[in-house]
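Working notes, structure below.
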Amino acid sequence: MTTPSGSDTGGPWLVVGLGNPGSEYADNRHNVGFMVADLLAARMGGKFKRSGKAQAQVVEGRLGVPGPGSRRVIVAKPQSYMNLSGGPVTALRDFYKVETARIVAVHDELDVDYGVLRLKLAGGDNGHNGLKSMTKSMGPEYHRVRFGIGRPPGRMQVADFVLRDFSSVERKELDFFVDRAADAVEALITEGLERAQSSFNS
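According to the numbering used here, the sequence shown is numbered sequentially starting from 273.
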């Protein structure tokens with residue numbers, strides 16, 4: 273299935289950066305979805321505001337080249353914890369009348385090498401608690417931009433790994449990779465899934 277492209281008649285898109293609220297989590301690997309959402313908001317020239325309809329921060333605007341090729345987009349950061357993301361996302365979907373196939377979840381992915389992107393539509397949650405909550409609330413038929421963080425070293429537990437900040441070595445390239453992930457979201461929305469996959473599924 274290919275995402276709609278070339279026309280804005282299908283309604284708005286909802287881009288959800290997954291993460292945990294609070295300054296203590298801000299630089300964690302698990303919060304890379306928030307980092308991409310922040311960059312997308314900056315590109316749209318907007319600032320996050322608390323939603324009156326859901327437990328989330330949202331910014332509304334347009335992404336893509338100005339003109340008929342741009343798309344109306346709501347970027348959101350759920351303010352529940354990761355494992356409760358489905359509630360806020362579903363509330364935003366219903367309020368903005370967004371088709372589930374026009375929802376994009378941006379999240380960290382353990383089974384992909386650091387900085388590598390994988391774009392897909394639907395599928396399993398691979399143990400990711402944010403995706404698990406979203407799928408439980410509204411089914412699996414939404415898009416995912418999977419940001420690779422790699423597996424934990426040695427015998428480190430997964431929960432400890434994802435809730436730690438990116439390492440000093442990783443941070444040297446983090447801004448570049450976050451920027452590329454934001455590009456991938458824009459391409460998915462404006463050009464369709466297949467084109468975006470061919471460009472960004474490295």
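Backbone N, C-alpha and C define an ideal beta-carbon position, used for all residues, glycine too.
Quiz item: Can you tell me whether V450 is buried or exposed, with buried defined as 16 or more other CB within 10 angstroms of its CB?
Solution: buried
Self-check item: Cα-Cα separation between V376 and P340, rounded to whole angstroms
Solution: 21 Å
Quiz item: Leaving out the 5 sequence neighbours to the left and right, which residues in its chain are closer than 7 Å to F306 when beta-carbon positions are compared?
Solution: G289, G291 and K349
Quiz item: So, using beta-carbon positions, are L391 and V345 closer together than 9 Å?
Solution: At a Cβ-Cβ threshold of 9 Å, L391 and V345 do not count as neighbours.
Quiz item: Do F433 and G387 have their C-beta atoms closer together than 9 Å?
Solution: no
Practice problem: For S277, name the three-state secondary structure that DSSP assigns. | Solution: Any reading at S277 must be qualified, since the residue scores a pLDDT of 42, below 50, and its modelled position is unreliable; the value itself is stated next. In this structure, S277 counts as coil in the three-state DSSP scheme.
Exercise. For the stretch 324-332 and the stretch 401-413, state whether three or more C-beta atom pairs, one from each stretch, are separated by less than 8 Å.
Key: Taking 8 Å as the limit for Cβ pairs, the verdict is that the stretch 401-413 does not touch the stretch 324-332.
Quiz prompt | CA nearest to the CA of V384, picked from S474, N303, F448 and L460 | solution = S474
Quiz item: Which word fits E296, buried or exposed, when buried means at least 16 other C-beta atoms lie within 10 angstroms of its C-beta?
Solution: exposed
Practice problem: Quick one: using the 10 Å Cβ neighbour count with 16 as the cut-off for buried, is S470 buried or exposed? | Solution: exposed
Quiz prompt | Other residues of its chain near M273: CB distance less than 7 Å, five sequence neighbours each side excluded | solution = Note on M273: pLDDT 36, under 50, position unreliable in the model; the coordinate value appears next. Result list for M273: L393, in chain order.
Self-check item: Paired residues, beta bridge with P350 - DSSP
Solution: A328
Self-check item: C-beta contact flag for Y353 and P284 at 9 Å
Solution: Not closer than 9 Å, so no.
Quiz prompt | Extent of the continuous alpha helix (DSSP H) to which G402 belongs | solution = N401 to M410
Quiz item: Taking C-beta to C-beta, are R436 and N300 nearer than 9 Å?
Solution: yes
Quiz item: Looking at the unbroken alpha helix (DSSP H) that takes in D432, where does it start and where does it end?
Solution: Run containing D432: V430 to V434, per the alpha helix (DSSP H) assignment.
Quiz item: Under the three-state reduction of DSSP, which class applies to F306: helix, strand or coil?
Solution: helix
Quiz item: Do the CB positions of T462 and V337 come within less than 9 Å of each other?
Solution: yes
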